[in-house]
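If you're matching positions, the sequence shown starts at 84 in our numbering and goes up one per residue. Note that beta-carbon positions come from the ideal geometry of N, C-alpha and C, so glycine has one too. What follows is a set of notes on a single structure, which appears directly below.
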Amino acid sequence: MRTAIELNLASRPYRNDTPIVAGLVVLALLAVGLTAHNTWSWFTADARQTELLERLAGHRAEMQRMKAEEQQIRKELAAIDAEVLAAQVEFVSSVLAQRNFSWTVLLNALEDVLPWNVKLVSIRPGFEGRGKVRIVLRGIARDLGAFLSFQDVLERSPAFGDVTPGNWSYVARDARADERIQ
Numbered sequence: 084m085r086t087a088i089e090l091n092l093a094s095r096p097y098r099n100d101t102p103i104v105a106g107l108v109v110l111a112l113l114a115v116g117l118t119a120h121n122t123w124s125w126f127t128a129d130a131r132q133t134e135l136l137e138r139l140a141g142h143r144a145e146m147q148r149m150k151a152e153e154q155q156i157r158k159e160l161a162a163i164d165a166e167v168l169a170a171q172v173e174f175v176s177s178v179l180a181q182r183n184f185s186w187t188v189l190l191n192a193l194e195d196v197l198p199w200n201v202k203l204v205s206i207r208p209g210f211e212g213r214g215k216v217r218i219v220l221r222g223i224a225r226d227l228g229a230f231l232s233f234q235d236v237l238e239r240s241p242a243f244g245d246v247t248p249g250n251w252s253y254v255a256r257d258a259r260a261d262e263r264i265q
């Protein structure tokens, strides 16, 4: 076997091992750092595990407390009678509907549809729940045509719906006939 002859024409021998040495130093420092980290992790693992177990026990205790609270709430909800609650809600809704009822809006809507030959005698709102208001109007019309015209205008108005005449009567007064409507 032959050995290679190293040609070095310099007066002193020159070897370019710097990149290799630098790489080895970096790898050695990395190995020392990782070893230190592993050693630190090894010695502190018990403390971290104990802390995590304590936190887990706290979370489990909180979960048990929440489950007990849930059971208590479920018992309270089961004790509530839905029909009684529905009746109470309906009552409160009707009271709120009465408080929110606007006479101004009603009178403005009636003013828009009331013909000249019909006179209103009374206006009585009735609150039926679910936001529905039934209004009973009593009035006097000059003749049956005025009454029917008023009913037709009410039915066509978007402010009123379900127009149903309750009763009417014919009254003669001073040679003129009035139709009483309700």
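Please state whether the Cβ-Cβ distance between residue i and residue j is less than 8 angstroms.
i      : j      : result
THR229 : ASN200 : Checking the sequence shown, residue 229 turns out to be Ala, not Thr. Going by C-beta atoms, ALA229 is nearer than 8 angstroms to ASN200.
ALA192 : SER240 : yes
LEU189 : ILE218 : yes
Can you list, in chain order, the residues of its chain whose CB lies under 7 angstroms from that of residue i, leaving out five sequence neighbours each side?
i      : result
GLN234 : VAL246 and PRO248
ALA258 : At ALA258 the pLDDT is 46, less than 50, meaning the model places this residue with poor confidence; the figure from the coordinates comes in the next sentence. If we look at ALA258 and ignore the five residues flanking it on each side, it has no Cβ neighbours.
PHE210 : SER177, ALA180, GLN181 and VAL216
PHE184 : PRO208 and VAL216
Using the Cβ count rule (16 or more neighbours within 10 Å means buried), how would you classify residue i?
i      : result
LEU160 : exposed
LEU237 : buried
LEU90  : exposed
LEU220 : buried
By Cβ distance, which residues of its chain are closer than 8 angstroms to residue i, with the 5 residues on each side in sequence left out?
i      : result
ASN121 : none
PRO198 : ALA229, SER232, PHE233 and VAL236
ALA144 : none
Excluding sequence positions up to five away, which residues of its chain have a Cβ less than 6 angstroms from the Cβ of residue i?
i      : result
GLN265 : In this predicted model, GLN265 has a pLDDT of only 49, less than 50, meaning its place in the structure is not dependable enough to derive any value.
Can you find at least 3 beta carbon pairs, one from the region 153 to 167 and one from the region 197 to 208, that sit closer than 8 angstroms? no
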